[in-house]
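Single-structure report; data block below.
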Amino acid sequence: MSELSVDPAGAAGGQPTAPATVGPVRPPVYAGRQGLGLAAFAVALAVIVVLADSPYSQGLVGQWATLAIAGLGFYLAFGVGGQFSFCQAALVGLGAYSSAWLTQDHGLPFALGLLGAVAITAVVAAGLFALVKRCDAFYFAIATLAFGFLAVVVFREWSSFAGPGGERRSLPGISLGGDELSGRSSAAAVVVVLLLALGLTLLVERSPLNREAAAVRHLPLAASTFGIGVMRIRATMFVAGAAYSGAAGSLLAHRNRVLSPEAFDIELAIDIFLVLLFGGLGSAWGPVLGAAFVVWAPEQLRFIGRDRDLVFGGLLIAIMIFVPDGLVGLAGRVQGLVADRRRGRPAEPAVAGEA
Amino acid sequence: MSRFVLLTISGLADGAIYALIALGFVLIYKATGVINFAQGDLVTLGAYVALWAYQDLRLTLATSALVAVLALACTGAVLERVAAAPLRGRSVHVVVIATLGAALVIRSLVIRWKGTSPQRLPGFFGFRTVEVLGARIPMQNLLILGAAALALSLVALLLQGTSFGRQVRALATDRTTAQLMGISVDRLSMAAFALAAALAAVGAVLVAPTQQLTPTFGFGPMLFAFAAAIIGGFGRIGGVALAAVLLGVLQQWATGYIDPSYREIYPFVLMLGILAVRPKGLLPEQVGQRV
Chain A
1 MSELSVDPAG AAGGQPTAPA TVGPVRPPVY AGRQGLGLAA FAVALAVIVV LADSPYSQGL
61 VGQWATLAIA GLGFYLAFGV GGQFSFCQAA LVGLGAYSSA WLTQDHGLPF ALGLLGAVAI
121 TAVVAAGLFA LVKRCDAFYF AIATLAFGFL AVVVFREWSS FAGPGGERRS LPGISLGGDE
181 LSGRSSAAAV VVVLLLALGL TLLVERSPLN REAAAVRHLP LAASTFGIGV MRIRATMFVA
241 GAAYSGAAGS LLAHRNRVLS PEAFDIELAI DIFLVLLFGG LGSAWGPVLG AAFVVWAPEQ
301 LRFIGRDRDL VFGGLLIAIM IFVPDGLVGL AGRVQGLVAD RRRGRPAEPA VAGEA
Chain B
1001 MSRFVLLTIS GLADGAIYAL IALGFVLIYK ATGVINFAQG DLVTLGAYVA LWAYQDLRLT
1061 LATSALVAVL ALACTGAVLE RVAAAPLRGR SVHVVVIATL GAALVIRSLV IRWKGTSPQR
1121 LPGFFGFRTV EVLGARIPMQ NLLILGAAAL ALSLVALLLQ GTSFGRQVRA LATDRTTAQL
1181 MGISVDRLSM AAFALAAALA AVGAVLVAPT QQLTPTFGFG PMLFAFAAAI IGGFGRIGGV
1241 ALAAVLLGVL QQWATGYIDP SYREIYPFVL MLGILAVRPK GLLPEQVGQR V
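Protein chains in written order, with our numbering: chain A, 1 to 355; chain B, 1001 to 1291.
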């Protein structure tokens, strides 16, 4: 349903050269009707939540929405901010343990646990960023990878925060105004958070911030000579991405009600990569689609279920080689091709916005 | 005193292993400009191949080790063909992600092949120890030190004294000019991956007898090797080897004298601390910085 509203850079990229109709050149972000798309998406989600009548399908919806939020966080940090952050899974874990610590140990309600998780994750990420902000791409990637590994060990060893051995059981579920939500309404709550997160990301996407971020991503030196604060943009995106991960972690904790440190290991990190890369780096809709694939595929295709890592690992390589801009980019390229054909122009290669 | 000697020699042995793995990163980085995140799973694979040759083919330990090194060299070359060659010239992130995918594939194949239950590769000396300054040192540790020193010197000689080494160094200094001068990136890149994987296998057969062999066996050492490579500045082999040995020793001291439960994270705390002060490592690369 969301392909219709997708805003492909490739489709709109060729238009400003059209003769006669001279007007202000519209950046591709404004071409799609994002508000309409989001509304349609909300309606579709409402239908999905109503249709999901078994605990199994409600669980899948919740899992998908949670993973999509985490993927949006990675999209902000990497897709928009251009920083290869390897610690998204650990940040999800930090959000989960923070929320568990606030609600289970300090008796706060779920909503405050969620907000607290977002705040704690953002603060820790800001500290991490301050430590490694001057490193270049590889060093940043490895430093964040190391942080991720370190965080999992800390979850396991720091029992007053994460529980003995990092194991927490019988966490409170998702609740609203004191009443614990169950099944469908709990899935609906997660979906509402996803909608908020997606809406916010779409706003960021069409704001000047995104334009500046694109400049920082591709030509940091040129951007800084134009007065764009390179560090400020990178920090903003990294911390915002962390905040999203924190929210995803909190939802994960209260939906699953059990936590163990292994859940935030490299496996989850790979899942989050796949969510973004399969969906597409170039658009906020990418992670939403990608999460649907990562959650749904192993359930539907049993042969994947058994060899999940094998298939996903191979897929990761194949995506990088053949469709580096993911499903959304692919849809955009097809749409651009069709539009060009209709206008009687030779198809030109889609302009990929990403490296 | 004996405790100190024991910790120090264990640390030196750990460091030697990290140095072997880190050397693989540095070689690939110099030749191709990317980092291979599958290095840790190549270590795992090397150990399992040696175990297979020893248990199933009933070869001697030395022959099994040789089989593992050769098999891994081939695996490295294949890995380069599949996950790095098609992505030549693309952003470094893309190649990193592809090698990560390859790591996942290797790990799940190892699990399918050998299962997840812990196994053990026997060492040349079993559990025999020698007494050094009052400490009982496992002979395996001394073997690790000697063999790693030998392997490192061989690679250093290879880089300094052969045509291959000169070409790799030329690529690392200035890719474009080197290519214009007719250096074949394709061939060198494959050779670097093969050599790096072979080094991973050497490290694997040396370290496997000292611990349990599981499908995630190589992942931790890979991360420590990353830390060593970063602290050493990624450019110079001597710097990286020194950093690796230092890291191993400091890790053992911290484990022995501070708190053993955080054993796995001391190297990273050190690395993050160093990166905060020196974002390019302690001994940064001198020529031709890559973006």
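Don't be surprised by glycine CBs; every beta carbon is placed ideally from N, CA and C.
Apart from the five residues on each side of it in sequence, which residues of its chain come closer than 7 Å, Cβ to Cβ, to CYS135 (chain A)? Along the first sequence, read from residue 1 onward, the residue named residue 135 (chain A) stands at position 135. Taken in chain order, the residues that qualify are ALA143.
Take GLY23 (chain A) and list the residues in its own chain whose beta-carbon comes closer than 6 Å to its own, dropping the five residues that flank it on each side. The residue labelled residue 23 (chain A) in the question sits at position 23 within the first sequence. Because the pLDDT of GLY23 (chain A) is 48, which lies under 50, any placement of that residue in the model is unreliable, and the question is left without a value.
By how many angstroms is the C-alpha of GLY1033 (chain B) removed from the C-alpha of ARG1166 (chain B)? The sequence position of residue 1166 (chain B) within the second sequence is 166, counting from 1. The sequence position of residue 1033 (chain B) within the second sequence is 33, counting from 1. Answer to the nearest angstrom: the Cα atoms are 16 Å apart.
Per DSSP, cross-strand counterpart(s) of GLN1119 (chain B): Walking along the second sequence from the start, residue 1119 (chain B) turns up at place 119. Per DSSP, the beta-bridge partners of GLN1119 (chain B) are B:LEU1213.
So which residues of chain A does SER1261 (chain B) contact, with C-beta pairs closer than 8 Å? If you number the second sequence from 1, residue 1261 (chain B) lands on position 261. Residues of chain A passing the Cβ test: GLU157.
Strictly under 9 Å for the Cβ-Cβ distance: is VAL154 (chain A) near chain B by that measure? Numbered from 1 along the first sequence, position 154 holds the residue referred to as residue 154 (chain A). It does; some Cβ of chain B falls within 9 Å.
Extent of the continuous beta strand (DSSP E) to which ALA52 (chain A) belongs: The residue you call residue 52 (chain A) lines up with position 52 of the first sequence. ALA52 (chain A) -> no beta strand (DSSP E), and no H or E assigned at all.
Please identify the residue among A:VAL216, A:LEU337, A:LEU316 whose C-alpha is closest to the C-alpha of ALA1083 (chain B). Translated into positions along the second sequence, residue 1083 (chain B) becomes position 83. Of the listed residues, the one whose Cα sits closest to ALA1083 (chain B) is A:LEU316.
Can you tell me whether DSSP reads LEU219 (chain A) as helix, strand or coil? Within the first sequence, residue 219 (chain A) is the residue found at index 219, counting from 1. The answer is coil: DSSP assigns LEU219 (chain A) none of H, G, I, E or B.
If I follow the unbroken beta strand (DSSP E) through PRO1138 (chain B), where does it start and stop? For the purposes of this step, residue 1138 (chain B) is taken as residue 138 along the second sequence, with counting starting at 1. Its beta strand (DSSP E) spans residues 1135-1138.
Tell me which residues share the same chain as PHE238 (chain A) and place their Cβ nearer than 7 Å to its Cβ, disregarding the 5 neighbours each side in the sequence. Taking the first sequence and counting its residues from 1, one reaches residue 238 (chain A) at position 238. Same-chain partners within the cutoff: ALA77, GLY81, GLN83, SER85, ALA125, PHE129.
Using alpha carbons as the reference points, say which of A:ALA146, A:VAL216, A:VAL61 lies closest to ARG184 (chain A). Start at 1 with the first residue of the first sequence, and residue 184 (chain A) comes out as number 184. It is A:VAL61 whose Cα lies nearest to the Cα of ARG184 (chain A).
Continuous alpha helix (DSSP H) stretch holding THR1177 (chain B): start and end: Taking the first residue of the second sequence as 1, we reach residue 1177 (chain B) at position 177. Its alpha helix (DSSP H) spans residues 1175-1180.
Looking at the structure shown, is GLU1131 (chain B) part of a helix, part of a strand, or coil, going by DSSP? Along the second sequence, one-based indexing puts residue 1131 (chain B) at 131. Three-state result, GLU1131 (chain B): strand.
Look at the Cβ atom of LEU209 (chain A), then the Cβ atom of ALA96 (chain A), and state whether they are nearer than 9 Å. To locate residue 209 (chain A), count along the first sequence from 1; it is residue 209. To locate residue 96 (chain A), count along the first sequence from 1; it is residue 96. LEU209 (chain A) places its beta carbon 9 Å or farther from that of ALA96 (chain A).
With a threshold of 9 Å between beta carbons, is LEU316 (chain A) in contact with chain B? Taking the first sequence and counting its residues from 1, the one referred to as residue 316 (chain A) is at position 316. Yes, its Cβ sits closer than 9 Å to a Cβ of chain B.
Could you tell me which of B:LEU1066, B:VAL1132, B:GLN1039 sits nearest to THR1099 (chain B), measuring between CA atoms? In the second sequence, the residue the question calls residue 1099 (chain B) occupies position 99. Selected option, being the one with the closest Cα: B:GLN1039.
Assigned secondary structure, GLU180 (chain A) (DSSP; H/G/I helix, E/B strand, else coil): As a working mapping, residue 180 (chain A) is identified with position 180 in the first sequence. Here GLU180 (chain A) sits in strand by DSSP.
Amino acids of chain A, ordered along the chain, whose beta-carbon sits closer than 9 Å to that of SER1189 (chain B): By one-based count along the second sequence, residue 1189 (chain B) stands at place 189. Neighbours of SER1189 (chain B) on chain A: none; closest Cβ ~16 Å, over 9 Å.
Nonlocal neighbours in the same chain, by C-beta distance under 8 Å from THR21 (chain A), ignoring five residues either side: The sequence position of residue 21 (chain A) within the first sequence is 21, counting from 1. Any reading at THR21 (chain A) needs caution, since the residue's pLDDT is 45, under 50, leaving its predicted position unreliable; the model's value is listed next. Here the set comprises nothing.
SER250 (chain A), DSSP secondary structure in three states: Stepping through the first sequence from its first residue, residue 250 (chain A) is reached at position 250. Helix, per DSSP.
Looking at the C-beta of ILE1097 (chain B), does it have a partner C-beta in chain A at a distance below 9 Å? As a first step, residue 1097 (chain B) must be located in the second sequence, where it is residue number 97. Yes, its Cβ sits closer than 9 Å to a Cβ of chain A.
Find the residues of chain B that neighbour TYR139 (chain A), judging by a C-beta separation of less than 9 Å, and give them in chain order. Residue mapping note: residue 139 (chain A) aligns to position 139 of the first sequence, counting from 1. Residues of chain B passing the Cβ test: ILE1230, PHE1234, LEU1275, PRO1279, LYS1280, GLY1281.
Could you check the C-alpha separation between VAL1207 (chain B) and ILE1021 (chain B) for me, to the nearest Å? Reading the second sequence from its first residue, position 207 is the one you call residue 1207 (chain B). Reading the second sequence from its first residue, position 21 is the one you call residue 1021 (chain B). Each residue's Cα considered, the two are about 11 Å apart.
Given 8 Å, three or more beta-carbon pairs between the segment 296-312 of chain A and the segment 1062-1079 of chain B: No, the segment 296-312 of chain A is not in contact with the segment 1062-1079 of chain B.
Hey, would you say LEU259 (chain A) sits closer than 9 Å to ALA100 (chain A), going by beta carbons? Here residue 259 (chain A) corresponds to residue number 259 of the first sequence, with the count starting at 1. Here residue 100 (chain A) corresponds to residue number 100 of the first sequence, with the count starting at 1. Pairing LEU259 (chain A) with ALA100 (chain A) gives a Cβ-Cβ distance under 9 Å.
Taking 8 Å as the limit between beta carbons, can you name the residues of its chain near ILE974 (chain B), skipping five residues before and five after? Outside the shown range of chain B, which is 1001 to 1291, sits residue 974 (chain B), and nothing can be said about it.
Could you compute how far the alpha carbon of PRO1086 (chain B) sits from the alpha carbon of ALA162 (chain A)? Counted from its first residue, the second sequence places residue 1086 (chain B) at position 86. Counted from its first residue, the first sequence places residue 162 (chain A) at position 162. For PRO1086 (chain B) and ALA162 (chain A), the distance between alpha carbons rounds to 44 Å.
When you measure from the CB of PHE110 (chain A) to every non-hydrogen atom of the ligand FMN, does any distance come out below 8 Å? The ligand FMN is not part of the structure shown, which contains no ligands of any sort.
Provide the residue span of the alpha helix (DSSP H) that contains ALA1200 (chain B), from first to last. By 1-based counting over the second sequence, the position of residue 1200 (chain B) is 200. Annotation for ALA1200 (chain B): the continuous alpha helix (DSSP H) segment containing it runs 1185-1207.
Give the range of the alpha helix (DSSP H) segment to which SER1064 (chain B) is assigned. For this step, residue 1064 (chain B) is matched to residue 64 along the second sequence. SER1064 (chain B) -> alpha helix (DSSP H) spans 1061-1079.
What does ALA143 (chain A) touch in chain B if you count any residue whose Cβ is under 8 Å from its own? Along the first sequence, read from residue 1 onward, the residue named residue 143 (chain A) stands at position 143. By Cβ distance, chain B contributes ILE1230, MET1271, LEU1272, LEU1275.
Please classify GLY1134 (chain B): is it buried, with 16 or more other beta-carbons within 10 angstroms of its beta-carbon, or exposed? Taking the second sequence and counting its residues from 1, one reaches residue 1134 (chain B) at position 134. Result: exposed.
Taking the C-alpha atoms as reference points, what is the distance between ALA1047 (chain B) and LEU1121 (chain B)? Position 47 of the second sequence holds residue 1047 (chain B). Position 121 of the second sequence holds residue 1121 (chain B). Each residue's alpha carbon lies about 8 Å from the other.
Taking buried to mean at least 16 other C-beta atoms within 10 Å of its own C-beta, is ALA1071 (chain B) buried or exposed? Indexing the second sequence from 1 puts residue 1071 (chain B) at position 71. So ALA1071 (chain B) ends up on the buried side.
Are at least three pairs of beta-carbons, each pair with one atom in the segment 215-234 of chain A and one in the segment 49-56 of chain A, less than 8 Å apart? As far as the Cβ criterion goes, the segment 215-234 of chain A does not touch the segment 49-56 of chain A, which means the pair count is below three.
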